[in-house]
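Numbering (mature numbering (1 follows the signal peptide of the UniProt record, and there is no 0)), first residue to last: -19 to -1, 1 to 143.
In this text, a Cβ means the ideal position worked out from N, Cα and C, and glycines have one as well.
None of the values given here were measured: they were computed from a predicted structure.
Worksheet: one structure, shown below.
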Amino acid sequence: MKKLATLGAVALLALSVTACNKADPKAEFTQFQTWTQSLETTRNAAQAEFQQQFNAAIESKNAEAAKAAVKNFADKLEQSIKGLDKLNFKSEEVKGLADKAKEALKYGTESMIAQVDVAVAQNPEEKAEAEKKVQEKSQKLAEFIQAAAKAEMDVKAKLGIK
């Protein structure tokens, strides 16, 4: 009888640990939305700073300063991504959205780098190649953002969130 009680206690403990480890998709989605709002604030501030640094670099025809401005911007976005990673989502739905957000930031940064390459191009061929890259990156980013928005709407519908 004592063994049965011990086994029962172990089984209850195992179930409670399993239950605690399960994801709450709605709560995680709320965390994701909070992170997204925080990202917007960070991105807007970083973009304003980037614009100032970039404009100053272009006026002074300093390609290295222009590239440094992009790196500074990308580093700030990378810090936001690290914050997203720390949330350590368990639900597959929210994990998928987080992955899409990271990819969108990556594509956005690549697009911005390509735009800087256009601005600092030294000759017409270099500039034409950089402009082609900007167009490709921008198209890819637009498609990805559209897919990510649809994925977010699908998750909201699945979780019953309006």
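| Query | Result |
| --- | --- |
| Do K57 and E129 come within 8 Å of each other at the CB atom, strictly closer than that value? | Sequence inspection shows Ala at residue 129; the Glu mentioned does not correspond to that position. Taking 8 Å as the Cβ cut-off, A129 and K57 do not qualify as a contacting pair. |
| Helix or strand or just coil, what does DSSP make of G89? | helix |
| Specify whether the stretch 69 to 89 and the stretch 118 to 126 touch according to this definition: at least 3 beta carbon pairs, one from each stretch, less than 8 Å apart. | yes |
| Express the C-alpha separation of A46 and N36 in angstroms, rounding to a whole number. | 10 Å |
| Unbroken alpha helix (DSSP H) runs of length 4 or more, entirely within the stretch 61 to 124: which are they? | 73 to 101 |
| What does the Cβ neighbour count give for E73, buried or exposed, with the cut at 16 atoms within 10 Å? | exposed |
| Can you tell me where the alpha helix (DSSP H) holding N36 begins and where it ends? | 6 to 40 |
| Can you tell which of Q14, E110, S92 has its C-alpha closest to the C-alpha of A55? | S92 |
| Can you tell me whether DSSP reads I126 as helix, strand or coil? | helix |
| Specify the secondary structure class of N53 as computed by DSSP and reduced to three states. | helix |
| Please confirm whether A38 has its beta-carbon closer than 8 Å to some beta-carbon of chain E. | Within the model displayed, chain E is absent; a lone protein chain is all it includes. |
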